[in-house]
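Scroll down for the structure; my scribbles are underneath it.
Number of protein chains: 2
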Amino acid sequence: MVEGLRTRKKERTRRAISEVAIAMFLEHGFDRVGVAEIAAAAEVSKPTLFRYFPSKEDLVLQRIADHRGEAAAVVRARPAGRAPLDALHDAFMAGLDAREPTTGLCDHPAVLAYHRLVFDTPSLASRVAEYAAAETEALAEAMGEAAGFAPRAPAGASRPVPHLTPRLVAAQYVTVRQILARDNYAALASGRTAGEVYGEAVAAAGTAFELLRHGARAHGL
Amino acid sequence: MVEGLRTRKKERTRRAISEVAIAMFLEHGFDRVGVAEIAAAAEVSKPTLFRYFPSKEDLVLQRIADHRGEAAAVVRARPAGRAPLDALHDAFMAGLDAREPTTGLCDHPAVLAYHRLVFDTPSLASRVAEYAAAETEALAEAMGEAAGFAPRAPAGASRPVPHLTPRLVAAQYVTVRQILARDNYAALASGRTAGEVYGEAVAAAGTAFELLRHGARAHGL
DNA sequence: GCAACTCGGTCACAAATGCAACCGAGTTAA
DNA sequence: TTAACTCGGTTGCATTTGTGACCGAGTTGC
Numbered sequence: 001m002v003e004g005l006r007t008r009k010k011e012r013t014r015r016a017i018s019e020v021a022i023a024m025f026l027e028h029g030f031d032r033v034g035v036a037e038i039a040a041a042a043e044v045s046k047p048t049l050f051r052y053f054p055s056k057e058d059l060v061l062q063r064i065a066d067h068r069g070e071a072a073a074v075v076r077a078r079p080a081g082r083a084p085l086d087a088l089h090d091a092f093m094a095g096l097d098a099r100e101p102t103t104g105l106c107d108h109p110a111v112l113a114y115h116r117l118v119f120d121t122p123s124l125a126s127r128v129a130e131y132a133a134a135e136t137e138a139l140a141e142a143m144g145e146a147a148g149f150a151p152r153a154p155a156g157a158s159r160p161v162p163h164l165t166p167r168l169v170a171a172q173y174v175t176v177r178q179i180l181a182r183d184n185y186a187a188l189a190s191g192r193t194a195g196e197v198y199g200e201a202v203a204a205a206g207t208a209f210e211l212l213r214h215g216a217r218a219h220g221l
Numbered sequence: 222m223v224e225g226l227r228t229r230k231k232e233r234t235r236r237a238i239s240e241v242a243i244a245m246f247l248e249h250g251f252d253r254v255g256v257a258e259i260a261a262a263a264e265v266s267k268p269t270l271f272r273y274f275p276s277k278e279d280l281v282l283q284r285i286a287d288h289r290g291e292a293a294a295v296v297r298a299r300p301a302g303r304a305p306l307d308a309l310h311d312a313f314m315a316g317l318d319a320r321e322p323t324t325g326l327c328d329h330p331a332v333l334a335y336h337r338l339v340f341d342t343p344s345l346a347s348r349v350a351e352y353a354a355a356e357t358e359a360l361a362e363a364m365g366e367a368a369g370f371a372p373r374a375p376a377g378a379s380r381p382v383p384h385l386t387p388r389l390v391a392a393q394y395v396t397v398r399q400i401l402a403r404d405n406y407a408a409l410a411s412g413r414t415a416g417e418v419y420g421e422a423v424a425a426a427g428t429a430f431e432l433l434r435h436g437a438r439a440h441g442l
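Protein chains in written order, with this note's numbering: chain A, 1 to 221; chain B, 222 to 442.
Written out as structure tokens, the structure reads:
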């Protein structure tokens, strides 16, 4: 009973609303389109729209939220004997290869426009930062497990709190990844193609993960 | 209630179910397709299917039922001074011109196959007869009004009962129309096109309505 | 003769949805 | 300042839908 009519229709509705909303935002701008218009275009009532998405911003950020916990999953599913950072490096390289939008190296016009929409709309950009914070926390937990730290579970807290070192490393990874993606996006925004940028992107990722692995000192900083 | 989301979606669902069902019946035969398969293909649950259509047969007959009361409406909407039978004749001629399926003069393969499906399936054919009876009653009422008879409303009856003459004429009209449509369909089934048959169909309709208007005596019967 | 199965159709219940009215904050206009 | 308006978001309620279990009649198999 994992795949009933109910589930299928709900997923379809969620996708339809989000896609319609993004298309309208891209065409007219985020705050020149009202939620009522989106609901009408998606053939859904306004309360239903808000049952799927808690706020107007989430209509856009759903795509980003879909990747929630991905880094933590990569760490947990890494091959035996492979270090967490190496597994993350592998995953990022694979993402570059596949031109995944999350790497910033996807030059489809729609994806580029989506990037512009998110970063040019303050309320959206700020929400992305929140997602990044949540992502960091989840990754820190997975890294704590990987490093053999038994996660502490304080009395009042609902979730275990990782130790300091995994949290620092996780935060650094998330930050570094943002920079890499930003750089790739900037290169594409200046008109170059993903194929042209690919080599530099790989090299930049190599540098970044090398820095993460061995610290700044080895680079004279 | 003008045109809300609810109404629109219900009509869409009703159409989707009926069309999916007819397509499957045409491909595999009426009683080689289960209602559960139809519901699955139409992406609705079985109870929902039966909320729209009271029986399996109605999945097919919906198209015919859609024309319920059409003859009565034609009579009521006829131009001032035009006799009911003449208005019905006009309407039938217009139907022939437009190649409406109800005239039997539509040679689209899908319509032909639909005809075959209905008349080759006993449980469907018998239901068509019931619809014809209901159609007759409705038309008789409209004709009674047109003829100036005040419809009688007997104590126990929920609806007024037309006088005898309008009922006879209405019954004759329905019968005659069935024969005309059957003849047209037979001609098309033998491989001729609607355009080729059109002239004969018009002439046949002329003869039939002439007979209705002036009786058999004038034709030596 | 009888059990197991199929198939059209129904039931009770919970989940999803539409609808209309409303709230509260921010804007505009008089 | 106040009144009217817009817009994101919410609420109560009726309608619609999915789900699973069930009924009863007709077949099939033994």
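Note that the Cβ used here is the ideal one computed from N, Cα and C, for glycine as well.
Just so you know, these numbers come straight off a predicted model, no measurement behind them.
Cα-Cα separation between residue i and residue j, rounded to whole angstroms
i: A424/B; j: L433/B; result: 14 Å
i: S266/B; j: A260/B; result: 6 Å
i: E135/A; j: R68/A; result: 6 Å
i: T414/B; j: R99/A; result: 56 Å
i: R438/B; j: S411/B; result: 33 Å
i: L112/A; j: N184/A; result: 11 Å
i: A205/A; j: D120/A; result: 26 Å
i: A301/B; j: D328/B; result: 35 Å
i: V74/A; j: V169/A; result: 15 Å
i: A312/B; j: T428/B; result: 15 Å
i: A47/A; j: D97/A; result: The amino acid occupying residue 47/A in the given sequence is Pro; Ala does not appear at that position. Whole-angstrom Cα-Cα distance: 41 Å.
i: L306/B; j: P322/B; result: 21 Å
i: M1/A; j: T7/A; result: Because the pLDDT at M1/A is just 46, under 50, the model does not fix this residue reliably, and the value given afterwards should be weighed accordingly. Cα-Cα distance, rounded: 10 Å.
i: G369/B; j: R297/B; result: 12 Å
i: H28/A; j: G416/B; result: 51 Å
Three-way DSSP call (helix, strand, coil) for residue i in this model
i: H214/A; result: helix
i: L105/A; result: coil
i: G427/B; result: helix
i: V254/B; result: coil
i: M1/A; result: Because M1/A carries a pLDDT of 46, less than 50, the predicted location of this residue cannot be relied on, and the following value inherits that uncertainty. Coil.
i: A194/A; result: helix
i: S266/B; result: coil
i: I238/B; result: helix
i: F246/B; result: helix
i: H288/B; result: coil
i: H115/A; result: helix
i: P84/A; result: helix
i: G199/A; result: helix
i: R229/B; result: helix
Residue from the options whose Cα sits closest to the Cα of residue i
i: R78/A; options: A189/A, L61/A, T193/A and M143/A; result: M143/A
i: G104/A; options: A181/A, A147/A and E11/A; result: A181/A
i: D66/A; options: V128/A, E141/A and G148/A; result: V128/A
i: A359/B; options: H384/B, R236/B and K231/B; result: H384/B
i: L188/A; options: A146/A, A110/A and A140/A; result: A110/A
i: F251/B; options: D279/B, E232/B and R272/B; result: D279/B
i: P166/A; options: A72/A, F50/A and A16/A; result: A72/A
i: K231/B; options: E362/B, R272/B, V397/B and E248/B; result: R272/B
Residue i vs residue j beta-carbon contact at 8 Å
i: V241/B; j: A263/B; result: yes
i: V174/A; j: A201/A; result: no
i: V281/B; j: L226/B; result: no
i: F246/B; j: L338/B; result: yes
i: Q62/A; j: S18/A; result: yes
i: Y335/B; j: I243/B; result: yes
Heavy atom of the ligand COA within 7 Å of residue i beta-carbon
i: L88/A; result: The ligand content of the structure shown is nil, which means the ligand COA is not present either.
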